[in-house]
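Undergrad: Mind having a look at this structure? Questions to follow.
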Amino acid sequence: MALIEAEGVRKVYRMDGVTVEALKGVTFSINEGEFVAIMGPSGSGKSTLMHILGCLDVPTSGRYLLGGVDVGSLSRDGLAGIRNSKIGFVFQGFNLLQRMSALENVELPMLYGGVPSRERAEKALAALKTVGLEERKGHRPNQLSGGQQQRVAIARALVNDPPLILADEPTGNLDTKTSVEVMELLVSLNEEHGKTIVLVTHEPDIASFSKRIIRVLDGSISSDEVVIKHDGIA
Amino acid sequence: MMGLLETAKISLRSLWANKMRSGLAILGVIIGVGAVIAMIAVGRGASLQIESHISSMGSNILIIVPGTTTSGGVRMGAGTQQSLSLDDAIAIEEECSAVSHVSPELSGVAQVVYGNRNWSTGVIGTTEGMMDVHNWSVSSGRFLTDQDVRSSTKVAVIGETVAYELFGSANPVGEIIRIKKVPFQVVGVLAPKGQSAFGSDQDDVIFVPVTTAQKRLFGTPFPRMVRRISVKARDAESIYLAQEQITALLRQRHRIGPNQDDDFTVRNLTQAMEAAQQSTQAMTLLLGAIASVSLLVGGIGIMNIMLVSVTERTREIGIRMAVGARPRDIRLQFLIEAFLLSVIGGIAGIALGALLSQTLVLLFDWSTSISPSSILLAFGFSGFVGVFFGFYPAYKASLMDPIEALRYE
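Protein sequences, first through last, are from chains A and B.
What the first sequence shows, in our numbering, is residues 4 to 237, in sequence order.
What the second sequence shows, in our numbering, is residues 82 to 490, in sequence order.
Here it is as structure tokens:
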């Protein structure tokens, strides 16, 4: 069943009187349980696509359905609700709140989801366990390594049990070894927890962890192909 | 949806994380609220003092004194003419409908002797009306009666100071004292009234029947003369009517022609006090208003800090929005932060205001009074200032585009 359905999604920005067409009408769908990488050079429109898929932005025209819901018709509050319950974000810069402990960072989405405080703590701890960081629950982000911070961010993305995880250059700030660890974590989330994962990257090595690669160029999809699996990374 | 308590906790933490900045933002509100509390306390203190003077003097009082005399071109001052008589007082009581009580007065200073002690005090010849006009009462014995006045009995009612000076702690009632060598029996002791509005001891006084004072103590050029007549009007509304009635009656009794000046003056003391009262209240309002301006400035300080805070935490706002915070959640968070800032400032300001007014009491011996309503007012106002000046920064934060906010470095 299709989790993501994009039909002629077009995005036009108007900046200082100049109109820029970031997406020129893209159509594709992603089924539940897929692991898809979106690749493209900078300025290709992949960031815009990722913002729309993440309900941080709405298309200028065309339709984007997430789990059957037309996102374009939603209010800001509606979009916030979707981001809260249907999407988990993993960012390049981790985007953890510095003043809070790992556990509190993981609790954050539940705070806006109206989960009672006891249940929040339990679920957050369980999510930290999934990423193997339950011993670091009291640490602040600046007391953790980059890889650990990204795993806390992944725990945060998981905690409301959303069907979709959107990872935007999740290994951009990490060294090769940690990158592999983080990617393997995402793979296990896909394979063992059945999460649909959409990964935005420009690194072929990272993209090779996925099962399908959509390439974007100049606001259009240039290719959409299934990855032929081989052992390890190239 | 996030609970208020959760939001308050988050807000407190972020305020605590920026202690210095929060403290500076609060300072304005502390000073503002402190100033409002202290100024209102000073104003209220002054107006309470005046109020107590008015009530000890008696309310709705008119005082009639004789007019001036001129001697060889030299004007002698109010009351030098000897134009008022006991009969004027009786006529006022009987004929002026707006008057409820009348107290004629003939006073002088006299040496008073009891046993081997003596004391110099003011002796006032008067009638029973004195009690009602000037709010006197007796703590023991009785006051002067109509019978005393009619028969010119030699009885005296003495003030507490006189009782203390002559008798110490002994009971004076029934004892004989000598006023200007004339023996008087003490029939009552007055309940104490303390200092007057002008600082004199009101309890240093002796009342005797006005007729006795005329015949025995203060010899007068004509037998029924009094130095002044105090009059109590029926109520505050009838005080002007009483003034008109008295003036008309006395002009007629004194046979003053239409083009001649009065040979007496009717003074309205309560009015003067009430005018003072009103000006104190106006002053309180003015002081409060000036202090409120500093509270307003404090509010602008909060807005300033909140705007800085919103800009500084753009990324945090982006993260919160990305994980599902709705615009109103963000708005609430910053609004509560501003509200907490000003309420904490308000509490500290109330303490400062109390301290400040106490300091004024100690330094300048001013009387101050902090009322619960002024605390409530300052507190409520500071909360309002927080919400009012916090709203714009909070609104600005809630309008942020999550994508832009996440990109913010």
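All C-beta atoms, glycine included, are put in the ideal place defined by N, C-alpha and C.
Go to N199 (chain B), then tell me how far its beta strand (DSSP E) extends in each direction, as first and last residue.
TA: From DSSP, the beta strand (DSSP E) with N199 (chain B) extends over R198 to T207.
Undergrad: Work out the CA separation of I205 (chain B) and I310 (chain B) for me, nearest whole Å.
TA: Distance between the alpha carbons of I310 (chain B) and I205 (chain B): 12 Å.
Undergrad: Count the other CB atoms within 10 Å of the CB of W97 (chain B); is the residue buried (16 or more) or exposed (fewer)?
TA: Burial call: exposed.
Undergrad: Suppose you measure from the CA of G464 (chain B) to the CA of H142 (chain A); what does that come to, to the nearest Å?
TA: Whole-angstrom Cα-Cα distance: 36 Å.
Undergrad: Using 8 Å as the cut-off, can you tell me whether the stretch 396-409 of chain B makes contact with the stretch 476-487 of chain B, which would need three or more C-beta pairs spanning the two stretches below that distance?
TA: Flag = yes, the stretch 396-409 of chain B and the stretch 476-487 of chain B touch.
Undergrad: Hey, does H54 (chain A) have any beta-carbon neighbour from chain B nearer than 8 Å?
TA: Chain B, which has a Cβ nearer than 8 Å to the Cβ of H54 (chain A), makes this yes.
Undergrad: Which residues of chain A have a Cβ atom closer than 7 Å to the Cβ of R94 (chain B), listed in chain order?
TA: Correct list: R102.
Undergrad: Going by DSSP, what residues sit across from D171 (chain A) in a beta bridge?
TA: Bridge partners of D171 (chain A): A:V203.
Undergrad: Mind checking I386 (chain B): buried by the 16 CB within 10 Å criterion, or exposed?
TA: Classification of I386 (chain B): buried, given that the 10 Å Cβ count is 16 or more.
Undergrad: Which residues share a DSSP beta bridge with G149 (chain A)?
TA: Paired residue(s): none; G149 (chain A) is not in a bridge.
Undergrad: Between G46 (chain A) and chain B, is there a C-beta pair that is closer than 8 Å?
TA: No, because no Cβ of chain B sits closer than 8 Å to the Cβ of G46 (chain A).
Undergrad: With 8 Å set as the bound, which would you pick, yes or no: does the beta-carbon of R102 (chain B) sit closer than that to a beta-carbon of chain A?
TA: No, R102 (chain B) lies away from the interface with chain A (no Cβ there is under 8 Å from its Cβ).
Undergrad: Relative to chain B, which residues along the stretch 19-38 of chain A have a C-beta separation below 7 Å, given in chain order?
TA: Cβ contacts with chain B: none found.
Undergrad: Helix, strand or coil: which one does DSSP assign to H182 (chain B)?
TA: H182 (chain B): strand per DSSP, three-state reduction.
Undergrad: Once DSSP output is grouped into helix, strand and coil, what is the label at M4 (chain A)?
TA: Note: M4 (chain A) maps to coil in three-state DSSP.
Undergrad: Are the CB atoms of F92 (chain A) and I200 (chain A) nearer to each other than 8 Å?
TA: The answer is no: Cβ separation not under 8 Å.
Undergrad: At a Cβ threshold of 8 Å, is V404 (chain B) touching chain A?
TA: Yes, because at least one Cβ of chain A sits closer than 8 Å to the Cβ of V404 (chain B).
Undergrad: May I ask you to report which of helix, strand or coil DSSP gives R123 (chain A)?
TA: Looking at R123 (chain A) - three-state DSSP - the assignment turns out to be helix.
Undergrad: So, at 6 Å on beta carbons, what are the nonlocal neighbours of I456 (chain B) in its own chain, with the 5 sequence-adjacent residues on each side left out?
TA: The residues are I431.
Undergrad: Please state the DSSP three-state secondary structure of G11 (chain A).
TA: Three-state DSSP puts G11 (chain A) in a strand.
Undergrad: Let me confirm a value: M82 (chain B) is counted as buried when at least 16 other C-beta atoms fall within 10 Å, else exposed. Which label applies?
TA: Because the pLDDT of M82 (chain B) is 49, which lies under 50, any placement of that residue in the model is unreliable, and the number read from its coordinates should be weighed accordingly. Exposed, by the Cβ-count rule.
Undergrad: Report the rounded CA-to-CA distance for V442 (chain B) versus T449 (chain B), giving the unit in angstroms.
TA: Approximately 7 Å between the Cα atoms of the pair.
Undergrad: Quick check on the burial criterion: 16 or more other C-beta atoms within 10 angstroms. Buried or exposed for Y16 (chain A)?
TA: Burial call: exposed.
Undergrad: Does the distance from the C-beta atom of A160 (chain A) to that of M42 (chain A) stay below 8 Å?
TA: No, the pair does not count as a contact, with Cβ atoms beyond the cut-off.
Undergrad: For E318 (chain B), name the three-state secondary structure that DSSP assigns.
TA: Here E318 (chain B) sits in helix by DSSP.
Undergrad: Can you tell me which of B:L480, B:Q326, B:R394 and B:E318 puts its alpha carbon nearest to the alpha carbon of I145 (chain B)?
TA: For I145 (chain B), the nearest C-alpha among the options comes from B:Q326.
Undergrad: Give me the Cα-Cα distance between L128 (chain A) and R121 (chain A), rounded to the nearest whole angstrom.
TA: Rounded to the nearest angstrom, the two C-alpha atoms are 11 Å apart.
Undergrad: When the Cα of G117 (chain A) is compared with those of B:S164, B:A294 and B:V404, which residue comes out closest?
TA: The option with the nearest alpha carbon to G117 (chain A) is B:V404.
Undergrad: Give a yes or no on whether 8 Å exceeds the smallest Cβ distance from L422 (chain B) to chain A.
TA: Closer than 8 Å: no.
Undergrad: Counting along the chain, where does the alpha helix (DSSP H) carrying V442 (chain B) start and finish?
TA: Its alpha helix (DSSP H) spans residues P408 to F445.
Undergrad: Going by CA-CA distance only, name the one from A:A158, A:N145, A:G81 and A:S148 that's closest to R123 (chain A).
TA: For R123 (chain A), the nearest C-alpha among the options comes from A:A158.
Undergrad: So the candidates are A:N108, A:L6, A:D19 and A:F31; which of them puts its Cα closest to the Cα of R13 (chain A)?
TA: For R13 (chain A), the nearest C-alpha among the options comes from A:F31.
Undergrad: Quick check on K198 (chain A): buried or exposed, where buried means 16 or more other Cβ atoms within 10 Å of its Cβ?
TA: The residue in question, K198 (chain A), is buried, as its Cβ has 16 or more Cβ neighbours within 10 Å.
Undergrad: Is the separation between the beta-carbon of S302 (chain A) and that of K27 (chain A) shorter than 8 Å?
TA: Nothing can be reported for residue 302 (chain A), as the shown portion of chain A is limited to 4 through 237.
Undergrad: Taking a cut of 9 Å between CB atoms, which residues from the stretch 382-412 of chain B lie near chain A?
TA: The residues in question are R396, E397, G399, I400, R401, M402, A403, V404, G405, A406, R407, P408, R409 and D410.
Undergrad: List the whole-angstrom C-beta distance separating G188 (chain B) from M211 (chain B), where the pair is believed to meet the contact cut-off of C-beta under 8 Å.
TA: First, the residue type needs correcting, since residue 188 (chain B) is Ser and not Gly in the sequence shown. 11 Å between Cβ atoms; not a contact.
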